[in-house]
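Which chain is which? The protein sequence lines are A and B, in order. Going by this note's numbering, the first residue of the first sequence is number 1, and it counts up by one from there. Going by this note's numbering, the first residue of the second sequence is number 1, and it counts up by one from there. Backbone N, C-alpha and C define an ideal beta-carbon position, used for all residues, glycine too. Remember, it's a predicted structure, so these values are computed and weren't measured experimentally.
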Amino acid sequence: DVKVTQSSRYLVKRTGEKVFLECVQDMDHENMFWYRQDPGLGLRLIYFSYDVKMKEKGDIPEGYSVSREKKERFSLILESTSTNQTSMYLCASSLSSGGTQYFGPGTRLTVL
Amino acid sequence: GQSLEQPSEVTAVEGAIVQINCTYQTSGFYGLSWYQQHDGGAPTFLSYNALDGLEETGRFSSFLSRSDSYGYLLLQELQMKDSASYFCAEVEGSQGNLIFGKGTKLSVKP
Numbered sequence: 001d002v003k004v005t006q007s008s009r010y011l012v013k014r015t016g017e018k019v020f021l022e023c024v025q026d027m028d029h030e031n032m033f034w035y036r037q038d039p040g041l042g043l044r045l046i047y048f049s050y051d052v053k054m055k056e057k058g059d060i061p062e063g064y065s066v067s068r069e070k071k072e073r074f075s076l077i078l079e080s081t082s083t084n085q086t087s088m089y090l091c092a093s094s095l096s097s098g099g100t101q102y103f104g105p106g107t108r109l110t111v112l
Numbered sequence: 001g002q003s004l005e006q007p008s009e010v011t012a013v014e015g016a017i018v019q020i021n022c023t024y025q026t027s028g029f030y031g032l033s034w035y036q037q038h039d040g041g042a043p044t045f046l047s048y049n050a051l052d053g054l055e056e057t058g059r060f061s062s063f064l065s066r067s068d069s070y071g072y073l074l075l076q077e078l079q080m081k082d083s084a085s086y087f088c089a090e091v092e093g094s095q096g097n098l099i100f101g102k103g104t105k106l107s108v109k110p
């Protein structure tokens with residue numbers, strides 16, 4: 001089975017702090033994705049990557065950056081957190097094109 | 001912009017059949033996926049339609065009509081454990097980028 005893990009289930013940070021969210025997948029997938037999920041808004045794509053060192057902006061990249069130095073690892077970076085970044089952050093990976101993505105358990109980030 | 005429309009809530013009883021519709025408006029459409037998410041859990045993949053027609057996986061089926069920009073998820077023999085949110089998601093790029101609908105919360109009553 002595909003396994004996607006995320007570094008933390010819950011995080012509480014203060015406004016202005018820097019946050020790294022790490023995601024690791026163990027199935028040699030080319031594509032990796034970061035979403036945030038908010039009530040009533042569904043899942044929104046922040047960034048994605050289809051190869052090592054490659055990244056593409058999603059629908060809501062402002063305030064975020066990403067890093068993919070190794071195929072299995074995709075990090076989401078919040079340089080200076082703000083309260084409107086309080087959300088559930090979900091990482092996903094997929095083998096290739098097509099509609100099947102495998103999600104990690106999510107990180108619930110609260111920014112005070 | 002691109003958007004997908006699906007009902008926000010659906011209620012049904014155990015053993016019944018429920019259909020969750022999804023309409024989309026986009027160019028560069030590759031296909032339509034469906035995901036299930038229980039409260040507190042991560043989305044899990046249910047089905048994917050790249051071509052018109054019906055795909056069946058056990059109690060769940062998914063349908064796509066590209067000419068109508070429309071699809072649906074059909075859940076049969078509903079069980080209490082089917083209570084969850086269901087998302088349709090459009091595959092919009094060759095790398096498999098997904099654009100999600102806002103989700104349909106299904107409540108199954110005894």
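- Rounded to whole angstroms, L32/B and F48/A show a C-alpha spacing of 19 Å.
- Taking C-beta atoms as the reference points, S62/B and G71/B count as a pair closer than 8 Å.
- Note on geometry: alpha-carbon atoms of V18/B and Y35/B lie some 16 Å from one another.
- In this structure L73/B is buried. Its beta-carbon is surrounded by 16 or more other beta-carbon atoms within 10 angstroms.
- If you draw a straight line from the Cα of G93/B to the Cα of I99/B, it comes to about 10 Å.
- Look at the region 31-55 of chain A and you find these whole runs of beta strand (DSSP E), each 3 residues long or longer: 31-38, 42-49.
- Q95/B carries a coil assignment under DSSP once its states are collapsed to helix, strand and coil.
- At least one CB atom of chain A sits nearer than 8 Å to the CB of P43/B.
- Setting aside the 5 residues that flank it on each side, Q37/A is surrounded in the same chain by L43, S87, M88, L90, each with a C-beta closer than 7 Å to its C-beta; the list follows chain order.
- Listed by position along chain B, the residues whose Cβ is nearer than 8 Å to that of F48/A are Q95, N97.
- Against T100/A, the close residues of chain B are S33, F45, Y48, G96, in the order they occur along the chain (beta-carbon pairs closer than 9 Å).
- The beta-carbon of L41/A is placed less than 8 Å from the nearest beta-carbon of chain B.
- Against chain B, a Cβ distance below 8 Å from S67/A picks out nothing, because the smallest value is about 18 Å.
- Cα atoms of L54/B and K18/A: separation of roughly 47 Å, rounded to the nearest angstrom.
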